[in-house]
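A short write-up of the structure that comes next.
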Amino acid sequence: MENSSQESHLRSENSVTYESPYQLYAMALSSSSASASRHQRIALGSFIEDFNNRVDIVSFDPETLSIKTHPSLSFDHPYPPTKLMFQPTSLRKSSDLLASSGDFLRLWEVRDSSVEPLTVLNNSKSSEFCAPLTSFDWNEIEPKRLGTSSIDTTCTIWDIERGVVETQLIAHDKEVYDICWGEARVFASVSADGSVRIFDLRDKEHSTIIYESPQPDTPLLRLAWNKQDLRYMATVLMDSNKVVILDIRSPTMPVAELERHKAGVNAISWAPQSSRHICSVGDDTQALIWELPPVAGPNGIDPMSMYSAGSEINQLQWSAAQPDWIAIAFSNKMQLLKV
Amino acid sequence: MDEGSPSNGGQELGNTWWRPREMAFRPYSLQNEAQSLRVVVRKSLVARLTKDIVETYQICNPQFKFSEDLNPKRYLTTPSVGVLNDGYDNANSDLILSVNYALVNSETHRRYIVKDVLGHGTFGQVARCLDVETNSFVAVKIIKNQPAYYQQALVEVSILTTLNRKYDPDDKHHIVRIYDYFVHQRHLCICFELLDTNLYELIKINQFRGLSLSIVQLFSKQILRGLALLKDAGIIHCDLKPENILLCTSVKPAEIKIIDFGSACMEDRTVYSYIQSRYYRSPEVLLGYQYSTAIDMWSFGCIVAELFLGLPLFPGASEFDLLRRMIQILGRQPPDYVLKEAKNTSKFFKCIGSVHNMENDEVAMDGRSTYQPLTEIDYEAREMKKPLIAKEYFNQKTLEAIVTNYPYKKNLTKEDIIRESQIRLALVDFLKGLVEFDPAKRWSPFQALKHPFVTGEPFTCPYIPPLETPRVPVAQNIKVDHHPGAGHWFAAGLSPNVPGRNRFSLHNSPHFPVVPYAHGNSYGSVGSYGSYNDGTGLGSSYGSYGDSGGTFAYFSPMGPSGMNMHPQSGVSVLGSSPDARKRIIQYSHGNGLGVSPSAGMFVPLPLGTSPSQFTPPSSYGQVSAGSPGHYGPPSPARNSCHGSSFGKVAAVSHYNRRKSWGYSGNPQSQECSSSQQWQGQFIDNTSTVQAEGQGPSQLIGGSPSHLQSNPSAASWKQRGSSGITANSSAMQNMPSSSTRSSNIQVPHSAEAAHDKSEASQSLPDPGDWDPNYSDEQLLQEDGSDESCITTEFSKGLHLGLAESSVGVGRVNRISSTSSNLPTQRQNGPIQAFSHVEVGSPPSAHDPQAGFTRFMSKPSHLMPHNSQNSPSRLGQPPAQRFNYMRPTAPQGSEWNQNKFQPPSSFNSGGPRSPGSSSFNNGVPWGRRANNPISNIPPASRGRKDYGRIV
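Chains as they are written, first to last, in full-length UniProt numbering: chain A, 1 to 339; chain B, 1 to 949.
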């Protein structure tokens, strides 16, 4: 933090805004445990239509409501990263481990004053062709385990300590767009084939389809598993204003569909501190916080509260480290919102 | 929901009570600025980095390359090594399928994307595919790339197409729908509606406990409706068994359909002697006796018993064991007249009487048979090996005891038990009429449909089915002026004809009979007779086996009563239900379609009925013997459906009219008179019908001939179907209609498809086959020699084909039971299994989907009336041919696996997490473990493909 340079000028009691030189997409919040002595780190990935993209690391001090930039912690990234994520439980005292997905899975060690590329994890057998990774998820219970989703229809489970593939599954019939861990060996994924499937590494012969989009093959873009109550997960259909809430015990029939966005939903995140709350953001510039009622009423579910950003909100993170704060990204801005 | 109130702010630490405060957020309200109109022009970033990531990355770096072809393939076919057919086929001549493999109908460019393999068998594989055009799922049977399977599959296509289009355009008779077929990479691919699980699986899910009587009854009725249709069409399924009866839960909770016509044959072309899966094999087939549609009724009886018992009635480990069980459980043995003629009698019986006695039909008056079943010791002595004998499932020895002593469900009240015991008595009586050794006495579908067990009427005394009228061949030249009603039978009775035979063959109109309906007076009689002719069989069944003379005797008297049962001939003779009769009659007059008989004759027969059909004496004989009679079709509609050439066509036209215009005068009234249900059906079906393609143009056709040609040709054309259809239609048209047909043809003829289609169609066509060869086969296999006498009748039989009997069953439809269905698997989609590691085996999920669509797709059905091709007309009647079915592909397997009952999920079965209560935290339960589905049918042990391959 020595090299902190400027503070964000946009701030109020309840929100802090950071402006980046470029459009933002990927975003990650560091986990609390690793950062106890530090302010929370936020990694921000650019979306630039160029091979050269950037990842910037900033830090947030909730006490002073300030965001500090760290130019020495910025680094180049090939292609816009599709996802950034800090290792959930850091094994290191002095640094954070950051992963990014794009053309390949990359691991970076974020130190106090520098970022070191650790490895590029590539399972492709072809040097000419590349099957980009659309997302990944870090297993919280087994921090050495990380799963990626690819448009080549597979999910690959990596042992990042050894840098080897633990397994690769042809998870779907079409491109896989998102992946999410539930337990140490159980993950779910969504795909262009319109299905949500649950996999168990102990039984790789089978998966369980717990949802299929109503129109065959309407792609599902995002998936979020409720870590507070693993019975529930949420998914987002492409070009849909709906957030579909699933109860994995009753496959095929969503328990709720949240349809108050006025344009497509881009990201969803369950509250880290409550099993009944979820936040969603969309192209309607809104961030909506929902409370799932025990029983859905006939008229659908209204969100509890809302926030309007200046433009389409592309990203959302609700980190366990700072459960009072929701981070959103829209345009070239990252904003922290107090809830 | 109340908007998150700040008051909760202090409780944020408590998981349950945490609520967002209004800090950055504010309470949700609807009236939000003008944002409701917000238009987002650019693609969202999330889409650009998922769905469009390749494009996005290519913008970032033009050198970026992604190739879908490099995606790991999930092979669905094993072995997946391509060794034949330029690497497309594996060593078994199966097309190597992987997920997302596209099967393409090169003529229509319709694409079917393979998603899963539902099953496989000797014939090839069945895949669940996405029909890209309709975005719905279908089942595609991909036949092995070997001529034998290819040919046999064409027969299946031909039979199913005819059944669907001509006999059951409204999809009311529980026969699987065929949507399309084409050749892909030298594999014939047949596209069917996608159904759910089969009855064997259903029983298995029920842990091999019997289903409730109400469901048994419901299924029985539906299967009977299907069998009635088959009988009308003169088609023998030849492999009826629980595995080949599938639920279509997505449509209706308790609806079933008969699938797998891969072994089916025309009643007059019973070429194969080794058919039917063992447990369901009829005594005729077992003994090597001539067979008819009655063998399906035997199988049906076995199925009904199994549905109730949960276990097969005759689980014979060998044919010897099978027959032993039959004799034991039924307490009798096959009639002597059968044993006398059957080829394999000596394998199972020894003759203890003099040949002399055998001259008298059947058993001597004292009731003793000339034949005695071999004991195990006898058998061993003869065959030099011990017969395979399986263990007994039931403690009881007789059918009656097995059924009546079958354990009752727990928790039944005394009243319930009493009630059920009564129904069980009805069931016993019902079964006795089905698993009847004497094929001539065995009930027809129409007779069975009237049984109290099916109708739900109280069972008071043993059921005596109305007799069915014998079928008598009717020569076209026979004109009888009569009142439609009365006249019919007489005419029928009168028209006996041996002579008729030749003519028939010429006209090749087994269906011919139907026509009369349409025509009312002039020929009406003929038509009605057609049904009579069917009856012929009856005659035989009742004793006068081969003799035509005998046959006639049976007709009339019975008529009225019989009618209900047998819609077919119904009309005149039997029509037990006044309404029906009335209708018919009216119909004929009303329409006044003056079809000339001749035209009718040429009309396309449903399945390769070509003149030659008549020839094989044996087959005919069988038919007549076996088929107790076809009664006239009660409802006009049916007639239409069926297909006699004429009749069908005409019928079709009727449909059209109804739909589009409603009926004119009489016809309408007929409709009215018919049962309400029927009407209702109509309504429901409207779409279907239309789909069937009866375009307006058809309607226009004033002359009967036109009508005929139209339905097929015109409709196809409209749909824009490829040349094939056109062709076929053209072929179908008879000479009389030639002008029309020719028109039609022209447009299409240019198409490439043309030749092909012709070729394919022609395959089944007798003309294309070497008559000699077939003759031999017939002789060998059918033992036609024995039945020469019967040949004469055979003609009559054909007439029977025309009948449209279908409708009968409907009246009684019971809807109540449906809800009871045990099948939990309706929720199918869940089944996910598979998913799988790379290279892992196929999985199947989401069976549901595709059913409905068939209506819209009818267009794809190709008319396969290959048999009807004009060329045949010229053939000498004497010719015989058969579909060569060199190998015995057993289609049976295909659907079985189709669907893995997701039961685990929904049903709350032991394995299913679904059952767990909310409270259980077990989120994901391992439902994934369901073993499901992929089990190849073969592994079940149950399958008995009896065929010689």
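For glycine and all other residues, C-beta sits at the position ideal for the given N, C-alpha and C.
Just so we're clear, the structure is a prediction, and the values are computed from it rather than from any experiment.
Next on the checklist: Measuring straight from C-alpha to C-alpha, what distance separates Asn92(B) and Tyr211(A)?
Outcome noted: Residue 92(B) sits at position 92 when you count from the first residue of the second sequence. Residue 211(A) sits at position 211 when you count from the first residue of the first sequence. Using only the alpha carbons, I get a separation of about 36 Å.
Checklist entry - Among the residues of its own chain, which have a CB less than 7 Å from the CB of Asp247(A), if the five just before and after it don't count? => result Within the first sequence, the letter at position 247 stands for residue 247(A). These residues qualify, in order along the chain: Arg231, Tyr232 and Val255.
Checklist entry - Taking the beta strand (DSSP E) that Ala234(A) falls in, what are its first and last residues? => result Here residue 234(A) is taken as the residue at index 234 of the first sequence, counted from 1. Start and end: Tyr232 to Leu237.
Checklist entry - Does the beta carbon of Lys338(A) sit closer than 8 Å to a beta carbon anywhere in chain B? => result Position 338 of the first sequence, counting from 1, holds the residue named residue 338(A). A Cβ of chain B is located within less than 8 Å of the beta carbon of Lys338(A).
Checklist entry - Comparing alpha-carbon positions, which option in Ser331(A), Pro323(A), Asp324(A) and Gly163(A) lies nearest Leu312(A)? => result To locate residue 312(A), count along the first sequence from 1; it is residue 312. With the sequence shown as reference, residue 312(A) is identified as Glu, and Leu is not the correct amino acid for it. Among Ser331(A), Pro323(A), Asp324(A) and Gly163(A), the Cα nearest to that of Glu312(A) belongs to Ser331(A).
Next on the checklist: Restricting to Cα atoms, I'd like to know which of Pro27(B), Asp94(B), Leu374(B) and His109(B) is closest to Lys117(B).
Outcome noted: Against the second sequence, residue 117(B) aligns to sequence position 117. Note on identity: in this sequence residue 117(B) is Val, with Lys being the wrong assignment. Taking only the C-alpha atoms, the option nearest Val117(B) is Asp94(B).
Next on the checklist: Is it buried or exposed, Gly194(A), if we count other Cβ atoms within 10 angstroms and call 16 or more buried?
Outcome noted: Counting from one through the first sequence, the residue named residue 194(A) turns up at place 194. Gly194(A) comes out buried.
Next on the checklist: Taking CB distances under 8 Å as the criterion, tell me whether Met384(B) reaches chain A.
Outcome noted: As a working note, residue 384(B) is residue 384 in the second sequence. No, no contact with chain A.
Item to check | Same chain, Cβ closer than 6 Å to Phe182(B), neighbours up to 5 away in sequence not counted | outcome: Mapped onto the second sequence, residue 182(B) falls at position 182. Within its own chain, the residues whose Cβ lies closer than 6 Å to the Cβ of Phe182(B), once the five positions on either side in sequence are excluded, are Asn105 and Cys189, listed in chain order.
Checklist entry - Of the residues Thr122(B), Gln222(B), His184(B) and Ser98(B), which one's Cα is nearest the Cα of Asp173(A)? => result Residue mapping note: residue 173(A) aligns to position 173 of the first sequence, counting from 1. Among Thr122(B), Gln222(B), His184(B) and Ser98(B), the Cα nearest to that of Asp173(A) belongs to Ser98(B).
Checklist entry - Does the beta-carbon of Arg42(B) have 16 or more other beta-carbons within 10 angstroms, so that it is buried, or is it exposed? => result Working through the second sequence from its first residue, we reach residue 42(B) at position 42. The residue in question, Arg42(B), is exposed, as its Cβ has fewer than 16 Cβ neighbours within 10 Å.
Item to check | Between the CA atoms of Val132(B) and Glu63(A) - distance to the nearest angstrom | outcome: Residue 63(A) sits at position 63 when you count from the first residue of the first sequence. Residue 132(B) sits at position 132 when you count from the first residue of the second sequence. Each residue's Cα considered, the two are about 57 Å apart.
Checklist entry - Under 8 Å between C-beta atoms, does Trp44(A) make it to chain B? => result Mapped onto the first sequence, residue 44(A) falls at position 44. The question names Trp, but residue 44(A) is Leu in the sequence shown. Chain B, which has no Cβ nearer than 8 Å to the Cβ of Leu44(A), makes this no.
Item to check | Per DSSP, cross-strand counterpart(s) of Lys350(B) | outcome: As a first step, residue 350(B) must be located in the second sequence, where it is residue number 350. According to DSSP, Lys350(B) bridges with Gln372(B).
Checklist entry - Thr108(B) versus chain A: which residues are under 7 Å apart at the beta carbon? => result Here residue 108(B) corresponds to residue number 108 of the second sequence, with the count starting at 1. Neighbourhood of Thr108(B) in chain A, by CB distance below 7 Å: empty, with the nearest CB roughly 20 Å away.
Checklist entry - The alpha helix (DSSP H) with Val120(A) in it runs from where to where? => result In the first sequence, residue 120(A) corresponds to position 120, counting from 1. Per DSSP, Val120(A) belongs to no alpha helix (DSSP H); it is in the beta strand (DSSP E), Val115 to Leu121.
Next on the checklist: So Asp50(A) contacts chain B; which residues on that side make the cut at Cβ distance below 9 Å?
Outcome noted: If you number the first sequence from 1, residue 50(A) lands on position 50. Under the 9 Å cutoff, chain B gives Ile59, Cys60 and Asn61.
Next on the checklist: Could you check whether Thr148(A) and Ile101(A) sit closer than 8 Å to each other, using their CB atoms as the reference points?
Outcome noted: Locating residue 101(A) in the first sequence gives position 101, counting from the first residue. Locating residue 148(A) in the first sequence gives position 148, counting from the first residue. The sequence given here places Ser at residue 101(A); Ile does not occur at that position. Going by C-beta atoms, Ser101(A) is nearer than 8 Å to Thr148(A).
Checklist entry - How would you call Thr17(A), buried or exposed, if buried means at least 16 neighbouring beta carbons within 10 angstroms? => result Stepping through the first sequence from its first residue, residue 17(A) is reached at position 17. With 16 or more Cβ atoms within 10 Å of its Cβ, Thr17(A) is classed as buried.
Checklist entry - beta strand (DSSP E) containing Tyr112(B): first to last residue? => result On the second sequence, residue 112(B) is found 112 positions in, with the first residue counted as 1. Start and end: Arg110 to Gly121.
Next on the checklist: What residue range does the beta strand (DSSP E) around Ile159(B) cover?
Outcome noted: Numbered from its first residue, the second sequence carries residue 159(B) at position 159. Run containing Ile159(B): none in the beta strand (DSSP E); it sits in the alpha helix (DSSP H), Pro147 to Thr161.
Item to check | C-beta contact flag for Ser15(A) and Gln335(A) at 8 Å | outcome: Reading the first sequence from its first residue, position 15 is the one you call residue 15(A). Reading the first sequence from its first residue, position 335 is the one you call residue 335(A). Result yes, Cβ atoms of Ser15(A) and Gln335(A) sit closer than 8 Å.
Next on the checklist: List, in chain order, every chain A residue whose beta-carbon is nearer than 8 Å to that of Glu22(B).
Outcome noted: Counting from one through the second sequence, the residue named residue 22(B) turns up at place 22. By Cβ distance, chain A contributes Ser305.
Checklist entry - From the DSSP output, which residues share a beta bridge with Tyr211(A)? => result Here residue 211(A) is taken as the residue at index 211 of the first sequence, counted from 1. DSSP, once it has assigned bridges, lists Val196(A) as partnering Tyr211(A).
Checklist entry - Using a beta-carbon distance below 8 Å, is Leu221(A) in contact with chain B? => result Taking the first sequence and counting its residues from 1, one reaches residue 221(A) at position 221. Taking Cβ atoms only, chain B reaches closer than 8 Å to Leu221(A), which makes this a yes.
Checklist entry - Which whole-angstrom value is the C-beta distance of Gly82(B) and Asn71(B), which I expect to be below 8 Å? => result Numbered from its first residue, the second sequence carries residue 82(B) at position 82. Numbered from its first residue, the second sequence carries residue 71(B) at position 71. At roughly 18 Å, the Cβ-Cβ gap does not stay under 8 Å, so Gly82(B) and Asn71(B) are not in contact.
Next on the checklist: Between Ser834(B) and chain A, is any beta-carbon pair separated by less than 8 Å?
Outcome noted: For the purposes of this step, residue 834(B) is taken as residue 834 along the second sequence, with counting starting at 1. Note on Ser834(B): pLDDT 35, under 50, position unreliable in the model; no value is reported.
Item to check | Proximity test, Cβ basis, 8 Å: Gln273(A) and chain B | outcome: Position 273 of the first sequence, counted from the start, is the residue given in the question as residue 273(A). Yes, its Cβ sits closer than 8 Å to a Cβ of chain B.
Checklist entry - Mind checking Ile744(B): buried by the 16 CB within 10 Å criterion, or exposed? => result Taking the second sequence and counting its residues from 1, one reaches residue 744(B) at position 744. For Ile744(B), the predicted model reports a pLDDT of 35, less than 50, meaning its position is unreliable; a value from the coordinates is still stated below. It is buried - the Cβ of Ile744(B) has at least 16 other Cβ atoms within 10 Å.
Checklist entry - Out of curiosity, what's the CA-to-CA distance linking Val338(B) and Ser369(B)? => result Residue mapping note: residue 338(B) aligns to position 338 of the second sequence, counting from 1. Residue mapping note: residue 369(B) aligns to position 369 of the second sequence, counting from 1. Val338(B) and Ser369(B): Cα-Cα distance of roughly 11 Å.
Item to check | Backbone secondary structure at Ile59(B) - three-state DSSP | outcome: Stepping through the second sequence from its first residue, residue 59(B) is reached at position 59. For Ile59(B), the secondary structure class from DSSP, reduced to helix, strand or coil, is helix.
Item to check | Interface residues of chain B facing Asn14(A) [CB-CB closer than 8 Å] | outcome: As a first step, residue 14(A) is located in the first sequence; it is residue number 14 there, counting from the start. Result: Met23 and Ala24.
Item to check | Residues in the segment 202-218 of chain A having any Cβ partner in chain B nearer than 8 Å | outcome: Among the residues of the segment 202-218 of chain A, those with a Cβ less than 8 Å away from any Cβ of chain B are Asp203, Lys204, Glu205, His206, Ser207, Thr208, Ile209, Ile210, Glu212, Gln215, Pro216 and Asp217, in the order of the chain.
Item to check | C-beta neighbour in chain A for Val54(B), strict 8 Å | outcome: Counted from its first residue, the second sequence places residue 54(B) at position 54. So, interface residue.
Next on the checklist: If the cut-off is 7 Å on Cβ atoms, which residues from the segment 76-90 of chain A count as contacting chain B, listed in chain order?
Outcome noted: Tyr79, Pro80 and Thr82
Checklist entry - Counting only runs that start and end within the segment 315-351 of chain B, where is the alpha helix (DSSP H) found for 4 or more residues in a row? => result 319-330, 336-341 and 345-348
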